[in-house]
Structures are given as C-alpha cells and as structure tokens.
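Following: one structure in structure tokens, then a few remarks.
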Amino acid sequence: MAVDITLLFRASVKTVKTRNKALGVAVGGGVEGSRDELFRRSPRPKGDFSSRAREVISHIGKLRDFLLEHRKDYINAYSHVMSEYGRMTDTERDQIDQDAQTFMRTCSEAIQQLRTQAHKEIHSQQVKEHRTAVLDFIEDYLKRVCKLYSEQRAIRVKRVVDKKRLSKLEPEPNAKTRESMSSEKVSQSPSKDSEEKPIPEEYPEKVPVEAQPELGSWGDGKGEDELSPEEIQMFEQENQRLIGEMNSLFDEVRQIEGKVVEISRLQEIFTEKVLQQEAEIDSIHQLVVGATENIKEGNEDIREVGTLGPESDSEALSLTRRHLVRAAHTEGSRDHAVDGPVP
Amino acid sequence: MVGAKMAAAAAASIRERQTVALKRMLNFNVPHVKNSTGEPVWKVLIYDRFGQDIISPLLSVKELRDMGITLHLLLHSDRDPIPDVPAVYFVMPTEENIDRMCQDLRNQLYESYYLNFISAISRSKLEDIANAALAASAVTQVAKVFDQYLNFITLEDDMFVLCNQNKELVSYRAINRPDITDTEMETVMDTIVDSLFCFFVTLGAVPIIRCSRGTAAEMVAVKLDKKLRENLRDARNSLFTGDTLGAGQFSFQRPLLVLVDRNIDLATPLHHTWTYQALVHDVLDFHLNRVNLEESSGMENSPAGARPKRKNKKSYDLTPVDKFWQKHKGSPFPEVAESVQQELESYRAQEDEVKRLKSIMGLEGEDEGAISMLSDNTAKLTSAVSSLPELLEKKRLIDLHTNVATAVLEHIKARKLDVYFEYEEKIMSKTTLDKSLLDIISDPDAGTPEDKMRLFLIYYISAQQAPSEADLEQYKKALTDAGCNLNPLQYIKQWKAFAKMASAPTSYGNTTAKPMGLLSRVMNTGSQFVMEGVKNLVLKQQNLPVTRILDNLMEMKSNPETDDYRYFDPKMLRGNDSSVPRNKNPFQEAIVFVVGGGNYIEYQNLVDYIKGKQGKHILYGCSELFNATQFIKQLSQLGQK
C-alpha cells in the first residue's frame, strides 16, 4: 500500500526553513519567497492553449448536463397523453435537437481551431505531442457526449416512425366501411382512455385516436342507414381483409426499418474505413513520389559518371541502375508502419 | 469498490495488485473510477529506468493514454517545459534522481508535481527536495509526495522478479563470488530485502518465513524478519494494519514464504527445456514479456551484386490479453505447434465465411425471394462486420505465434534440442542411458558448444560419484575439441565439493520422458511446422528440487531435507527462530523465492504442481531471471578466479 508522506514533506520544508534562518543562509525565497510564488504565475504566459482547452471542456460539460437534464422528458413518448409537468412538445424536442447540433458543431470547430493553432506555433516536439494528445482527449469527450445525444434522438426517431406508420390510414371510398369504422370507433373510444401502454399490437384501437379528426366530419355528415345482416357480414369480411393487409404491411415496414438502421450502421463503419484508407493511400503516394525523385536523381548521377568514365564501366553502371530500379520497387511496396513511443 | 478489492484479494494475483496501485498513482493518488461521461484530465508521466521496467509489463501505451497521460518521458532526458500540466513522477529515491528532480523544480518545468518514490525515501533526501522547492519558490507546486512500495517487477499473475536494471548487483555471481566483502554482501542483501518488503506491503500480508540454514537465503530471511518486525511494532506507521489489510485479507491464514538459495539446484538453470515459454526464454531474446526476433527476408535472389540479406527486427509483447499465450505457455512444444495450426485453420474458415458474403451480395435481385435473402444477408453482414475487429486480433496473434514458434523450431532443429532434453531428463532421473555421453559431446552436428557444456555440467552435478580422473580427462578433451570453455566446470567442481560437505546432493526424482516416435501426423496435415526428425516428447510430471521443498513445507511433511529449516514469524512478540513450527496446518498460499536467480522451468514446474491442488496458490519470485546462456556466463566468470 502506498504511504502518503506529503505531510512529512511539508514538515521537512518547515524544518529546512527554520534551519536556514538559523544559519542565516539566504534562501532563494525567504521574505520575497512567498511574494515570488504569487507573482511567478503572472509573467508566465498562462498559455492560451490550456485556458482555451479548458473552456471547450466546460462548454462540452454544459452540453452534457443540459442533455442529461432533459433526457427523461425527451424520451418520454406519451407526454401528450399525460397532463403533468413532464410534458415536452415536439417543437421543444426539435429545439433541443437543433441547439445540441449547433453546439456540437461549434465545439468541434473550436477543437479544429485549437489544433491548427497548436501546429502553427513553434514549440518543442514534446509540447506539440502533448497538445495533440490533449486535443485528442477533448475530441473523445465530445464524441462521448454526442453519443448521449444520438442515442436519445434515435429513440425519438424510432417512435415517430412507429407513430406515423400507425396513423397512416387511407380512407376507403366505401361509405359503409366508414360507417363500420366510426361505429367501431364509438364502441372503442371509451377503452382508449384507459389504455396508456403504447404497444401497438392491435391497430384498430389506435386508429380512432388519429383518425378521429379525419373521420369526424364524415361521421357527422351521413345519416344512419339500415345495416342488413349481409351487409354487416360483408363489412366484417372487409375488416378482416384490411386487418390482414395492414398487418403484412406493418411487418414489411418493420423489417425494412430494421434493415435501414443496420445499413446506416454499416455505412458509418465503412465511411470510417474508407477515410482510414484514404490517409494510408496518401502516405503511400508520398512515398512513391519520394522514391521516384530518388531514382531520377540516381539516374542523373549515373549518367554523369557514365559520360566521364571509360567504356568498361558501362556494364557495371547498367547493373547498378537495375539495382536502383529494383530498390525503388521494394521501397515503394514496403509498408512503413510507424510505431508510437513505447516505454 | 470493496467488492472489486475482495475479488482481487481472493485471487491473490500480484499482477492485479500492482496494476491497481499503479493506476491509483497515475490518477493523482486517488482510486480510479471509470466514468463514461467524465471530463478528460491530462498529465505527464516521468519515470526512471526502474519505473519503466515496472510499468512496461503491466500497462500498455494505450492504457496509459486512457489514464490521461499525454507524454511519458525518462527522468534523465532532455525535457522541455510544458506549462499548465501536472507531472507524475515515479522514480527510485537515488542521489542522481533527487538531483534531477530538484533541477526540474528550479526550472519550473511543469505546473504541479506529484512525486512517487518506488521504495521509501529517506528523511534526509526528502529534506533535499524541500530545500530545492524552497529555493525555487515551488513548495505549493509540490502537490503530493508518496512512497509507493512497488520495488519489484511482476511478469505474470504469479511470478515476479526483483529488478532488471541493476541485476548484476544481486546476481548469482555477485552473491557467490569468493572475493566478496562483508559490506558488499550487506548491500546486496539490503537490496533484496527492500524489494521483498515492498512485495509484501503490496500483497498486504505478513508471511511466515522458512529458509535453509547456512545460505544466502538465511541472511535474507533474518533481515526480512527484522524489517517486518520493526514495521509491525511501529503501530503508528505500520503498513500492515487497518484498511491496507482489511479488505485485502480474504484468506484467514497467512502465506508461507520459502526462501531457497540457488545453490541447492544448479542443474535446472542449465537444463534444456520443452515447454513453450521456457523455450522462448532459452533460445530467443526474451525479457520483461517482450520477445525480439530477427527475421532474415532472404526470399529474393539478387542475381549479380551480393546485397546482404536484410534482417527485419520484430518485437512482440506477450501479454495477459493474448489468449493463446496464456493457454499454451506451459504446453510442450509439439502441442503448441498443433494448436497454432488449428487456430490458423479456424481463422481461415471464418475469413472464408466473410468473403462468401461478398459473392452472395452480388446475387441480389436475381431471385424473387430477394428481399428475404437480403434480410438474412444484412444480418450476416452486420455480424460479420462487427466480428471483424475480433478476427483481425485473432490474425495478429496467429501471426505472432507462428513467427515465434517457427523461430523456436529452427533452433530446435539446428541444435537438436530435443535430443538434449531427453538425455538430460534421463540423467536427472538416473535411468540408464542408451547413448554414451562422450558420443553426444563429440558429435559435431548436435548443438552448440554451449549446449554440450550444459549437458556435461548436468551430468557432473547429478552424478552420485564424481567421474574418475581418467574419464574426466577424456570428457575435458572432448569438450575442448568441441570448442567449449572449461571455466564453468572449475566452478562446479568447487561447488560440488562444498555441497557434498554441507548435505547430500539432491536427487531429481524418478521419471522418464517417453518419446512418441516421429511426428508424422503433423507432417501429413501439411502443417507449417514440419517437425521432421524432431521427437514428440511427452513430459511426465516430476518435481524439481525447489518444488519438492515447497511441497514438504507447505503440506507440513516431515523430510530430512527440510526438517531443520529455520522458522520466522514476524508477528510473534518474541524473536523466536526455533525450527519448531507453531503452525501445524498446511498452508493455502505460498511464495517461493530463489535467492541467486531463477528461471521459467522452475516456475512452470511449480505451476504444474499447484494445478492439481484445489484452492491453493503459489507465487514464484527470484532475485534475477536468467536463461542458461546467461547462467553459464556467470559460472564461467566464477570459475576464472
């Protein structure tokens, strides 16, 4: 177990102080010592870099707090059913999305700026490395916070898609079907209020919620026709058919939805890989260019030497040239993997 | 937090404990808690070579990054001032290091300083730093000062060595040379005891110590007992009380520390071996869990103009994350070769699976059931893509082990190490030898001169009676003809004479290594590892001397060999060093420490021994880790005097 000897250290400092005073040794501090320590900070350029870095971090922290604070409300999908404080309208949600996005963009721009600035300023290698690493940390922090945002947004989008799918109902040209629906609606509206669970298992129960405004006008306009038993049966069959159709559509859409989500994830991964490859191709390009230059220079040198020397040397020269070409080949195809500093 | 501590304690894994301690230190001496939305903190790590050796087997560069370390630098290097960053120091409290730290303070290199000393710093040196801090008006910048008590290097969950940087100071040679003065011996012993003390502080346990009489191990035991005792008496500053022990002491029994001297068994360090990890250590350049290979890429034939073959140097880290290594580091080599082959095949199958998807994707739109097929494929594609990183990692490991195993195999074939191994096993277990020793030594194809020397020394050490003068001369001549240096033999002669006086030479048990004929099976599967002409030897479990001693002491067995071992219990009030152990129950946990050096063969032997026993744990430590080459060198130097 480690032992904290900080107090021991402070005690040593006191001992040394008193000892030096007793011996009359001029301590580099002494009376001015404490003042020096205070003033020491100001002439040193506090470094805009670190203060700006900390600013960016505090901004991201604010974003994170903001997101976490409103997360519960944001996710709560059926706030329009509830009538308590936890309600958040869609516009509010959109607002949050908007704000969060602009915020994230500004943050990442700030990080980019800091990066370019850090590279421009002439500093020692170590300071440069340190700053690059610090910026990497900040970017990572931003990514983590953005994940918070994207998670809750994904949930919201999924809910919206679900809702839209359910609420889509093409009005039948058949008036009777409308009748049957409105009659169904009437019988089932009392049950709607009691149900708060959003599981869209049976669509007919949900339809009245959304269809209400649409059908209300029609329902009022028509008069009550007599429904003969055959007609009732026919309506029932139609209903069954429609239910079947809706279900299959529902299934298909669900599948497609799932696939789209997967594809988007894959897309993300592929983009990442492509970007990586781009960087690698760039570096290979650089290498090849360099190699070509070298070969050119080498050939020129040989030519010079070739013109000066006697005939018998030309053989050796052509061999050397071939070697150079081969060297260029192997250099260009060799992978230069750069290892980071390892302790 | 407490749960994690208890889990770690139950495993008594010294590696986990040291890693946790390091991580806490890097987190500004506050326990480390993972927080996914935590703000980043950054710091700079400064270490000396000792600190580097301790950290490198435990934390990779990535893990350092995860802890927020932007730069890690050697103390004695040119360092530029980096403003506004805290610096964590992890150094030994030596004169040089303290001077350099004071210089750093004067030059105002960093914003704040967290000083961590690998082993305890003395009061006077602390005052030196205080002086410098005062002079530089930097006292408030020194945020924390800690004694870490981490002065040992952990290589495995259950294996540690004392040091790497100054191992010559505590080497076998240093301890056993005839011209050593008392003060020098004191220094060596103090160094060893300091590290062992740190070890037990980190482990959080006070052991019961047993050691043999009249050896360097006894000196270590006496000093260690004294140090532990002093620390326990000092109630205020004791390192073994309260919360340091509390959650850490899961077993109700104290561990047993067995201190043995290298001199009880000189044959094992010279032995040729057959298990993977020990082989890698024996034939390749392997230390601190890193193996360095030189590969010659001599595949292109340069027609005219002799260009030298380019040698690629590769180094690999063999870490706890490497599942193949963890599984096979104690396996006999042919098994390893087979397993690599198997892994390669399964990897290829998975790769083909992924490649097949490519062609399937091209079929979309041809069938009517395209949508349903597509759905399957999308799912397959997603799972394939998500398993890609895993596959890549697997490939990397397979490549690594293929390279390492191939390098080892080359050595085995070139030097006929399997023959040596078999022969030595026979010698050590006193079964009849089918080939004469002289034949092997005179055989120009079998092995390097060093291999022959090793073989002969093992024969000499294990012989009940020394060979007659005439025989000896014959052997000596054969050895010299083969190109061996005879100095080690000089020393072994002396040692044997001394050992005979002290006690009966230890026997190595009765076992055989059963050869299973040539490995045709592996050849037929078109394996990369053509073990043609290499015997498939099966190891039968035998107990090396060290393991035997441990067994006796741990299980409280009576045995003339160990009965008169000394007994120390630092917790007892009276300095009682009688040989009568108070504790009659077998121990659950034991630590074996070899003073004078150890190797992987012994470690593996102990691991195999304890595998059969449920609920018992062994830790193996030594003052330095050497392979046969290094050991022969030391013997040679000793024999020169």
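Protein sequences, first through last, are from chains U and A. In terms of the numbering used here, the first sequence is residues 1 to 343. In terms of the numbering used here, the second sequence is residues 1001 to 1641. Just so it is clear, CB atoms sit at the ideal spot from N, CA and C, and this is done for glycine as well.
Separation of residue j from residue i, as counted between CA atoms
i: glutamate 1039/A; j: glutamate 272/U; result: 25 Å
i: glycine 1621/A; j: serine 1195/A; result: 11 Å
i: lysine 1452/A; j: lysine 1477/A; result: 13 Å
i: tyrosine 1047/A; j: alanine 1087/A; result: 10 Å
i: aspartate 140/U; j: isoleucine 284/U; result: 28 Å
i: leucine 143/U; j: arginine 71/U; result: With the sequence shown as reference, residue 143/U is identified as lysine, and leucine is not the correct amino acid for it. Approximately 17 Å between the Cα atoms of the pair.
i: isoleucine 1175/A; j: alanine 1216/A; result: 8 Å
i: leucine 344/U; j: leucine 148/U; result: Because residue 344/U is not part of the residues shown, which for chain U are 1 to 343, the question remains open.
i: glycine 1615/A; j: aspartate 1158/A; result: 14 Å
i: aspartate 1439/A; j: leucine 1544/A; result: 27 Å
i: asparagine 1166/A; j: glutamine 113/U; result: 48 Å
i: aspartate 220/U; j: glutamate 230/U; result: Because aspartate 220/U sits at a pLDDT of 40, beneath the cut-off of 50, its placement in the model cannot be relied upon, and the point is left open.
i: lysine 1034/A; j: phenylalanine 1324/A; result: 28 Å
i: leucine 1687/A; j: arginine 1236/A; result: This structure does not reach residue 1687/A, given that chain A is present from 1001 up to 1641, and the question cannot be answered.
i: arginine 1262/A; j: leucine 1625/A; result: 12 Å
Residue i at chain A interface by Cβ criterion, 9 Å
i: glutamine 152/U; result: no
i: asparagine 20/U; result: yes
i: aspartate 4/U; result: yes
i: leucine 249/U; result: no
i: leucine 275/U; result: no
i: phenylalanine 9/U; result: yes
i: serine 12/U; result: yes
i: valine 145/U; result: yes
Interface flag, residue i vs chain U, CB-CB below 9 Å
i: leucine 1071/A; result: yes
i: isoleucine 1148/A; result: For the record, residue 1148/A in the displayed sequence is glutamine; it is not isoleucine. So, interface residue.
i: asparagine 1107/A; result: no
i: glycine 1667/A; result: Residue 1667/A lies beyond the range of chain A shown here (1001 to 1641); nothing can be said about it.
i: threonine 1319/A; result: no
i: leucine 1381/A; result: yes
i: threonine 1244/A; result: Low confidence applies here, because threonine 1244/A scores a pLDDT of 44, under 50, leaving its location unreliable; read the following figure in that light. Taking Cβ atoms only, chain U reaches closer than 9 Å to threonine 1244/A, which makes this a yes.
i: aspartate 1439/A; result: no
i: leucine 1134/A; result: yes
i: isoleucine 1121/A; result: yes
Partner residues on chain A for residue i, Cβ-Cβ distance less than 9 Å
i: threonine 15/U; result: Glu1127 and Ala1130
7 Å Cβ cut-off: residues of chain A touching residue i
i: glycine 61/U; result: Glu1039
i: serine 242/U; result: The amino acid at residue 242/U is misidentified as serine; the sequence shows leucine. Chain A residues near leucine 242/U: none, gap ~23 Å exceeds 7 Å.
i: leucine 166/U; result: Correct list: empty, because the minimum Cβ distance to chain A is about 22 Å.
Contacts around residue i, its chain only, beta-carbon distance under 6 Å, and the 5 residues preceding and following it disregarded
i: tyrosine 1600/A; result: Gln1277, Ala1278 and His1281
i: isoleucine 1618/A; result: Ala1590, Leu1606 and Ile1610
i: alanine 1120/A; result: Asp1147
i: threonine 1547/A; result: Asn1605, Leu1606 and Tyr1609
i: alanine 100/U; result: Tyr149
i: asparagine 1552/A; result: Asn1559 and Thr1562
i: leucine 1318/A; result: Asn1289 and Trp1325
i: glycine 1598/A; result: Cys1622
Cβ-heavy atom distance, residue i to the ligand SAH, below 8 Å
i: valine 1020/A; result: This structure does not include the ligand SAH; it has no bound ligands of any sort.
Under 9 Å from the C-beta of residue i: neighbouring residues of chain U
i: glycine 1204/A; result: Met1
Cβ neighbours of residue i in the same chain (closer than 7 Å, five flanking residues each side left out)
i: valine 1354/A; result: Ala1384
i: alanine 1304/A; result: Note on alanine 1304/A: pLDDT 49, under 50, position unreliable in the model; the coordinate value appears next. Same-chain partners within the cutoff: there are none.
i: valine 1419/A; result: Ala1446
i: lysine 1571/A; result: Val1206 and Leu1232
Neighbourhood of residue i by C-beta, 8 Å cutoff - its chain only, sequence neighbours within 5 removed
i: proline 341/U; result: Only weak support exists for where proline 341/U lies, its pLDDT of 41 falling under 50; the value from the coordinates is given anyway. Result list for proline 341/U: empty, nothing under 8 Å.
i: arginine 40/U; result: Here arginine 40/U scores only 47 on pLDDT, less than 50, and its place in the model is too uncertain to base an answer on.
Contact list for residue i against chain U, beta-carbon separation under 8 Å
i: arginine 1177/A; result: Ordered by position in chain U, no residue passes the 8 Å Cβ test against arginine 1177/A, which lies about 33 Å from the chain.
i: arginine 1079/A; result: Gln126
Proximal residues of chain A, C-beta to C-beta of residue i below 8 Å
i: valine 56/U; result: Under the 8 Å cutoff, chain A gives no residues; its nearest Cβ is about 10 Å from valine 56/U.
i: phenylalanine 66/U; result: Here the premise fails: no neighbours, minimum Cβ distance about 12 Å.
i: serine 50/U; result: Pro1083, Asp1084 and Val1085
i: leucine 308/U; result: Within chain A, no residue comes near leucine 308/U; the closest Cβ sits about 22 Å away, beyond 8 Å.
Contact set between residue i and chain U, taken where Cβ atoms lie within less than 7 Å
i: aspartate 1182/A; result: Result: empty, since nearest Cβ-Cβ is about 31 Å, beyond 7 Å.
Beta carbons nearer than 9 Å to chain U: which residues of the segment 1024 to 1038 of chain A have them? Listed by position along the chain: Arg1024, Met1025, Asn1029, Ser1036, Thr1037 and Gly1038.
At a CB distance below 9 Å, what residues from the segment 107 to 140 of chain U approach chain A? Give them in sequence order. His123, Ser124, Gln125, Gln126, Val127, Glu129, His130, Arg131, Thr132, Ala133, Val134, Asp136, Phe137, Ile138 and Asp140
To be precise: take each residue of the segment 253 to 270 of chain U, compare its Cβ to all Cβ atoms of chain A, and keep it if any distance is under 9 Å. Which residues remain? Gln255, Ile256, Gly258, Lys259, Glu262, Ile263, Arg265, Leu266, Ile269 and Phe270
To be precise: take each residue of the segment 1184 to 1213 of chain A, compare its Cβ to all Cβ atoms of chain U, and keep it if any distance is under 8 Å. Which residues remain? Val1201, Thr1202 and Gly1204
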